[in-house]
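Heads up: the structure comes next, in structure tokens.
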Amino acid sequence: MAPVLPALTTAQRLGGIGIEFADAVGRGVTHVESRAPLSEEERAIVVTKLMVQTTPAEVAARARAIALDRIAALPVEQRAVPVAEDTTLNEMTVVQNGEGRFEATLDLDVTTGEELCAALDPLCRPVPLPDGSPDPRPISVRRAEAIGQVLRTYLSQSRRPMSGGVLPHVTLIRPGVAAAGGDEAVDRLGFAGPVSTVTAELIACDATLTSVVVDHSGVPLDVGRAERLFTPAIRKALGVRDGGCAHPGCGRPVSWCDAHHIQPWSEGGETSLDNGVLLCRLHHGLIHHGGWQVYLGRDRHPWFIPPHELGEPEPAHVRSHARRTMTDLPVAA
Numbered sequence: 115m116a117p118v119l120p121a122l123t124t125a126q127r128l129g130g131i132g133i134e135f136a137d138a139v140g141r142g143v144t145h146v147e148s149r150a151p152l153s154e155e156e157r158a159i160v161v162t163k164l165m166v167q168t169t170p171a172e173v174a175a176r177a178r179a180i181a182l183d184r185i186a187a188l189p190v191e192q193r194a195v196p197v198a199e200d201t202t203l204n205e206m207t208v209v210q211n212g213e214g215r216f217e218a219t220l221d222l223d224v225t226t227g228e229e230l231c232a233a234l235d236p237l238c239r240p241v242p243l244p245d246g247s248p249d250p251r252p253i254s255v256r257r258a259e260a261i262g263q264v265l266r267t268y269l270s271q272s273r274r275p276m277s278g279g280v281l282p283h284v285t286l287i288r289p290g291v292a293a294a295g296g297d298e299a300v301d302r303l304g305f306a307g308p309v310s311t312v313t314a315e316l317i318a319c320d321a322t323l324t325s326v327v328v329d330h331s332g333v334p335l336d337v338g339r340a341e342r343l344f345t346p347a348i349r350k351a352l353g354v355r356d357g358g359c360a361h362p363g364c365g366r367p368v369s370w371c372d373a374h375h376i377q378p379w380s381e382g383g384e385t386s387l388d389n390g391v392l393l394c395r396l397h398h399g400l401i402h403h404g405g406w407q408v409y410l411g412r413d414r415h416p417w418f419i420p421p422h423e424l425g426e427p428e429p430a431h432v433r434s435h436a437r438r439t440m441t442d443l444p445v446a447a
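If you read the sequence shown in this note's numbering, its first letter stands for residue 115, the second for the next number, and so on.
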């Protein structure tokens, strides 16, 4: 480094900058020089511009800006598409691992990456717990949940490309009564394969899907009826009543919510206002997987029962988020 970037080497030797910052400056100079040639004098100027930044991330961003400016000054025939803006380099891999989970990697151009961040940002906001304590989820978890919300919103729209003559949606394959007692008679998703009954019930609440009942040989016996989904009118009524996610302390907007059947649709539960409650996907999962219970009180508003161990006293029932902020009534009666 010394013969090429003497100013940087001197600053590091004197303790003016740390190793990580010095490395960022060196990488920044390399980035600029790989896009447009630099003379010794120009290289020194670039080093100076990078060294006045505050963090390694700022150094990298300034280096990209300098490189773009120098590329723009080149003759047209010498200009190349900046690597960060080259859409031909975009890649995405999706692999289902041995546990059945999906692992994905992305390599995106700067514009697509910006669109991704813009779409996820409002969905990644921390949500305090019902007792007011901070959201314990790390940003990586919130970001993954935000991607799920983006996908569900997309799949709920009608203006999207067709797949096999129909709009893309989830296919849930369920064993019929005759097959239920057989080996491996489990619910399955069209792409992902086997899922637990609890997850199948969660998906069946409010996802746009085709539910296909099959016999022990996998032959379709019946295709689910359309009345499973809450109509726009009922969803609007749920939005007026619940005001968003009804789980205590949440209140995420209506557009982010699933309409959950309080009595499961598969068990004869009606698709009606009195058998529905709006829940964001996080809290919808807590009802199906996390031990929370929800019921409609005599006030015809959702009430929640926190998880508790068998044999323990039942905890106090909690009003829905909207009712907690609108009334001080202590009971549902």
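Think of the CB as a built atom: it goes at the ideal place given N, C-alpha and C, for glycine as much as any other residue.
Of the residues assessed, residue 221 falls on the exposed side of the cut-off, its CB having fewer than 16 other CB atoms within 10 angstroms.
Contact between residue 271 and residue 237 does not hold, since the beta-carbon distance rounds to 16 Å and is not under 8 Å.
Distances from the CA of residue 370 to each of 349, 380, 209, 386 were compared; the closest alpha carbon is that of 349.
Boundaries of the alpha helix (DSSP H) harbouring residue 261: 253–269, taken from the DSSP string. Ranked by how close their Cα comes to the Cα of residue 143, the residues 179, 217, 367, 284 have 179 in first place. In this structure, the straight-line span from the alpha carbon of residue 437 to that of residue 217 is close to 40 Å.
Taking C-beta atoms under 8 Å as the contact rule, residue 306 and residue 214 qualify, at a distance of about 7 Å.
Taking a contact as a CB-CB distance under 8 Å, the pair residue 365 and residue 435 counts as one, their CB atoms being some 4 Å apart. Proximity of the region 352–360 to the region 380–399 meets the contact definition, three or more beta-carbon pairs being nearer than 8 Å. For residue 179, there is no enclosing beta strand (DSSP E); the enclosing alpha helix (DSSP H) has its first and last residue at 170–187. Taking a C-beta distance under 8 Å as the contact criterion, residue 177 and residue 146 qualify as a contact pair. The shortest CA-to-CA distance from residue 420 to any of 202, 406, 410, 427 is the one to 406.
As computed with DSSP, residue 205 is found in a beta bridge with 221. For residue 190, the closest alpha carbon among the candidates 429, 359, 256, 150 is that of 150. Less than 8 Å divides the Cβ of residue 359 from the Cβ of residue 397. In this structure, the alpha-carbon of residue 234 lies about 27 Å from that of residue 182. Within its own chain, the residues whose Cβ lies closer than 8 Å to the Cβ of residue 134, once the five positions on either side in sequence are excluded, are 170, listed in chain order. Around the beta-carbon of residue 414, fewer than 16 other beta-carbon atoms lie within 10 Å, marking it exposed. The criterion of a C-beta distance shorter than 8 Å is satisfied by residue 173 and residue 138.
Within 10 angstroms of the beta-carbon of residue 424 lie fewer than 16 other beta-carbons, which makes it exposed. Residue environment for residue 433: buried (at least 16 other C-beta atoms within 10 angstroms of its C-beta). In the DSSP annotation of this structure, the continuous segment of the beta strand (DSSP E) that includes residue 408 starts and ends at 407–410. The C-alpha of residue 314 is placed about 27 Å away from the C-alpha of residue 428. According to DSSP, residue pairing for residue 309 in a beta bridge involves 301.
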